[in-house]
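The numbering used here puts the first residue of the sequence shown at 567, with every later residue one more than the last.
Ideal placement from N, C-alpha and C gives every residue a C-beta, glycine not left out.
Source: prediction; values computed, not measured.
A quick write-up on the structure given underneath.
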Amino acid sequence: MRCAACALAALLVAAVSAQPVSKEVKDDLCRFYHATTGSGWQNNLGWAEACDTPSAPTSAFPCATAWHGIDCDTTADPSIVRQIGLKANNLVGELVSLSSLSSSLLAFQVSVNQKLQGTLEPLLSLRAVKQLLLDGTA
567 MRCAACALAA LLVAAVSAQP VSKEVKDDLC RFYHATTGSG WQNNLGWAEA
617 CDTPSAPTSA FPCATAWHGI DCDTTADPSI VRQIGLKANN LVGELVSLSS
667 LSSSLLAFQV SVNQKLQGTL EPLLSLRAVK QLLLDGTA
């Protein structure tokens, strides 16, 4: 009986802590994935399944499943993406806007991706960013 209660409690905690992000956030992240040749990244765990499958269920969205380099809020709202960390991950292409993350993203780390290029203009909407690491990019 006690183990059944433990299992139920674990399921409830998992359900609360693993919330899918909005469709807009998922779409922005997938646009970033495709613009930076995500299929060629060193690690695209989670991204490929969700971004290469147009009808991917919300259970495949970041924060509901593990996407490499995505960290979500673990306290206030677990459906909010707080950090993108894809350092040295073979990103190739241009930066794109992530406007759906403008008020929630705190860190954007894509350094040491020598073939990542473009202007900073797509990142100007990221008002909450406190850490922006772009060194080692084109």
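Could you pull the start and end residues of the beta strand (DSSP E) that C638 belongs to? One-based indexing of the sequence shown puts residue 638 at position 72. Note, C638: beta strand (DSSP E), 636-638.
Residue span of the alpha helix (DSSP H) that contains E590, given as start and end: Walking along the sequence shown from the start, residue 590 turns up at place 24. Its alpha helix (DSSP H) spans residues 589-601.
Spatial neighbours of A654 within its chain, please: C-beta separation below 6 Å, excluding the five flanking residues on both sides. The residue you call residue 654 lines up with position 88 of the sequence shown. The residues are V678.
State the Cα-Cα distance for the pair P623 and K589, rounded to the nearest angstrom. One-based indexing of the sequence shown puts residue 623 at position 57. One-based indexing of the sequence shown puts residue 589 at position 23. Going from the Cα of P623 to the Cα of K589 covers about 10 Å.
What are the boundary residues of the alpha helix (DSSP H) that E615 is part of? Here residue 615 corresponds to residue number 49 of the sequence shown, with the count starting at 1. Segment 613-617, the alpha helix (DSSP H) holding E615.
Measure the CB-CB distance between G635 and L652 and report whether it falls below 8 Å. If you number the sequence shown from 1, residue 635 lands on position 69. If you number the sequence shown from 1, residue 652 lands on position 86. Yes, the Cβ-Cβ distance between G635 and L652 is below 8 Å.
Quick check: L536 and I650, are their CB atoms within less than 8 Å of each other? The requested residue 536 is not part of the displayed model; the chain covers only 567 to 704.
Answer with buried or exposed for D701, where buried requires no fewer than 16 other C-beta atoms within 10 angstroms of its C-beta. In the sequence shown, the residue the question calls residue 701 occupies position 135. Taking every protein chain shown into account, the CB of D701 has fewer than 16 other CB atoms within 10 angstroms, so this residue is exposed.
Span separating the alpha-carbon of L686 from that of W633: Taking the first residue of the sequence shown as 1, we reach residue 686 at position 120. Taking the first residue of the sequence shown as 1, we reach residue 633 at position 67. L686 and W633 have their C-alpha atoms spaced approximately 24 Å apart.
Please determine, among S663, Q675, Q680, L692, the residue with the shortest C-alpha to C-alpha distance to C596. As a position in the sequence shown, residue 596 is number 30, starting the count at 1. Comparing Cα positions, the closest option is S663.
Is the Cβ-Cβ distance between V676 and V591 less than 8 Å? Working through the sequence shown from its first residue, we reach residue 676 at position 110. Working through the sequence shown from its first residue, we reach residue 591 at position 25. Here V676 is not near V591, since their CB atoms are 8 Å or more apart.
Member of S665, N609, N656 whose CA lies at the smallest distance from the CA of T602: Against the sequence shown, residue 602 aligns to sequence position 36. Checking every option, the nearest Cα to that of T602 belongs to N656.
Expressed to the nearest angstrom, what Euclidean distance is found between the alpha-carbon atoms of V695 and S669? As a working mapping, residue 695 is identified with position 129 in the sequence shown. As a working mapping, residue 669 is identified with position 103 in the sequence shown. Distance between the alpha carbons of V695 and S669 is about 8 Å.
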